Each structure stands twice: as C-alpha cells, then as structure tokens.
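Everything in the sequence shown is counted per the working numbering, starting at 255 for the first residue and increasing by one.
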Amino acid sequence: MSKVFVMDHPLIQHKIGWIRRKETGSKEFRTLISEIAMLMCYEATRDLKLTDIEIETPICKTTVKELKGKKLAVVPILRAGLGMVDGMLAMIPAAKVGHIGLYRDPETLKPVEYYCKLPEDCNEREVFVVDPMLATGGSSVAAIQMLKDRGVKNIRFMCIIAAPEGVKAMQEAHPDVDIYIGALDKKLNEHCYIVPGLGDAGDRIFGTK
255 MSKVFVMDHP
265 LIQHKIGWIR
275 RKETGSKEFR
285 TLISEIAMLM
295 CYEATRDLKL
305 TDIEIETPIC
315 KTTVKELKGK
325 KLAVVPILRA
335 GLGMVDGMLA
345 MIPAAKVGHI
355 GLYRDPETLK
365 PVEYYCKLPE
375 DCNEREVFVV
385 DPMLATGGSS
395 VAAIQMLKDR
405 GVKNIRFMCI
415 IAAPEGVKAM
425 QEAHPDVDIY
435 IGALDKKLNE
445 HCYIVPGLGD
455 AGDRIFGTK
C-alpha cells in the first residue's frame, strides 16, 4: 500500500491557512501556491539517494554529495497543477516538465484525456505528478494511469489539500504511488468540493471566477 505523508511543517500550514481565506486574491494566491509547492518539494525529496563524487574547491580536492541515478520530472495536471510548477522548479531546476490535460465527461463523470506531452525519457525519471486538490481522485488516478501506460514506473503524487475519499481512491488504484499532502481535510460535500477546502483552485489561480 502506498505511503501517505501529511506535511506538518509550520510554514506549510501557515501558508495553507492563507490560501483558504476567501478574501485572498489571485496574485497572492498564485504566489502562495508556488511557495507551498516549493516547501512541499523540499519535504517530499528527503529520501532521494545520494552518491559521493570528488571535486576540487579553490583550496583542495574533496568529496561531496550529489543526487544519484534517476533524474526528476514534474508533471502538472492541467490546469490548476500549473500553479505548483514554478515552486517545484525552484528546488529542482534541472527537472523536465510534462503536462497532462483531463476534463470530466458531463454524462459519465469520468475523466477524459485531451492532452499529454511528456519528456522523451520520462520512463527513466522519478516523476512528481502535481495538482493542488485531491477531491474524488478521478483526475489523479487517470493521470497516473496515463503515465504508467507510457512506461513510467517511478511516480509520486503531490497535492496541497486532499479529501479522505480521494486518498482512498488513489491508494486502491495505485498502491505503488506515494502521496504527499499539505493538509488532509474532513470530507467531500454533495458537489464533490473538499470541506473546508478553498473552493476551485484553478479559478483562484487564474482569476476565472
């Protein structure tokens, strides 16, 4: 079963408190989402493997640590996931970026793929799928399946706010994908919005309310 990590860092919790406020405007909201993603990336990469390499300082030769093996990629789920990319890249600037676009069919309510563009060597990378909200889990489950269908094996999922229903759906569909969460909320309401949540993350990031 996948591991679930709920962030307890004070700075993350403080900033999540600000994005929940309904009076927080789009500009501030975007900045905070990016900052939270950066802080979460710092926490979620804690177990990356290191290797020793020899370098030369201005004084002498010495041995230092460097990330070992797998390269990294960030794959946002469009469109709200875009808000987390800059924060992730601030921490791992060498990461490649892919994009996955999904929409919900109004009749079946199932996610439908409309866009997928990934780095050519994505199957050789450790991939972080990012989306601010994990509500029902439908989009996240589908996006991760799209990656697996294209040969990607090392996947982690990162969201800022999650509902228990979404976490359960993810764990059942993808027990091999660890989940990193900024805050785990109470439940979904009858409209499948996270409670207390923060409303529609995409609308708030892009000012399209």
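Note that the Cβ used here is the ideal one computed from N, Cα and C, for glycine as well. Please read these numbers as outputs of a predicted model, since none were measured by experiment.
My guess is that I287 and G436 are in contact by the Cβ rule of under 8 Å, so how many angstroms apart are they, rounded?
Locating residue 287 in the sequence shown gives position 33, counting from the first residue. Locating residue 436 in the sequence shown gives position 182, counting from the first residue. In fact, because the Cβ distance is near 10 Å, the residues do not count as touching under 8 Å.
What is the residue span of the alpha helix (DSSP H) that V421 lies within?
As a working mapping, residue 421 is identified with position 167 in the sequence shown. If you look at V421, you'll find it in the alpha helix (DSSP H) that goes 418-427.
Of the residues H268, D385, V366, D403, which one's Cα is nearest the Cα of G420?
On the sequence shown, position 166 is the one that residue 420 refers to. Ranked by Cα distance from G420, the options H268, D385, V366, D403 are led by D385.
Measuring alpha carbon to alpha carbon, tell me which of D340, M345, M261, R275 ends up nearest G453.
Walking along the sequence shown from the start, residue 453 turns up at place 199. That would be R275, whose Cα lies nearest to the Cα of G453.
In whole angstroms, give me the CA-to-CA distance for M294 and M261.
On the sequence shown, position 40 is the one that residue 294 refers to. On the sequence shown, position 7 is the one that residue 261 refers to. Going by the C-alpha atoms only, they are around 7 Å apart.
Just confirm the distance between the C-beta atoms of G461 and R333, as a whole number of angstroms; I'd bet it's less than 8 Å.
Numbered from 1 along the sequence shown, position 207 holds the residue referred to as residue 461. Numbered from 1 along the sequence shown, position 79 holds the residue referred to as residue 333. About 12 Å separates the two Cβ atoms, so there is no contact after all.
Alpha carbon to alpha carbon, how far is Q399 from I309? Give it in angstroms, no decimals.
Within the sequence shown, residue 309 is the residue found at index 55, counting from 1. Within the sequence shown, residue 399 is the residue found at index 145, counting from 1. Roughly 41 Å between the two C-alpha positions.
Report the rounded CA-to-CA distance for Y296 versus H445, giving the unit in angstroms.
For the purposes of this step, residue 296 is taken as residue 42 along the sequence shown, with counting starting at 1. For the purposes of this step, residue 445 is taken as residue 191 along the sequence shown, with counting starting at 1. Distance between Y296 and H445, taken at the CA atoms: about 33 Å.
Using the C-alpha atoms, what's the distance from I313 back to M424?
Looking up residue 424 in the sequence shown gives position 170. Looking up residue 313 in the sequence shown gives position 59. Going by the C-alpha atoms only, they are around 51 Å apart.
I need the straight-line Cα distance from V383 to L302, nearest angstrom please.
Along the sequence shown, read from residue 1 onward, the residue named residue 383 stands at position 129. Along the sequence shown, read from residue 1 onward, the residue named residue 302 stands at position 48. The alpha-carbon atoms of V383 and L302 are separated by roughly 16 Å.
State buried or exposed for D439, treating a residue as buried only when at least 16 other CB atoms are found within 10 Å of its CB.
Numbered from 1 along the sequence shown, position 185 holds the residue referred to as residue 439. The residue is buried, with at least 16 neighbouring Cβ atoms inside 10 Å.
Considering only residues of the region 278-346, which uninterrupted alpha helix (DSSP H) runs meet the minimum length of 4 residues and lie entirely inside it, listed in chain order?
280-298, 339-345
Taking the Cβ atom as the reference point for each residue, do I307 and I290 lie within a distance shorter than 9 Å?
The sequence position of residue 307 within the sequence shown is 53, counting from 1. The sequence position of residue 290 within the sequence shown is 36, counting from 1. No; because the gap between Cβ atoms is not below 9 Å, this pair is not in contact.
By alpha-carbon positions, which one of L442, V406, K269 ends up nearest to V431?
Here residue 431 corresponds to residue number 177 of the sequence shown, with the count starting at 1. Per the Cα distances, V406.
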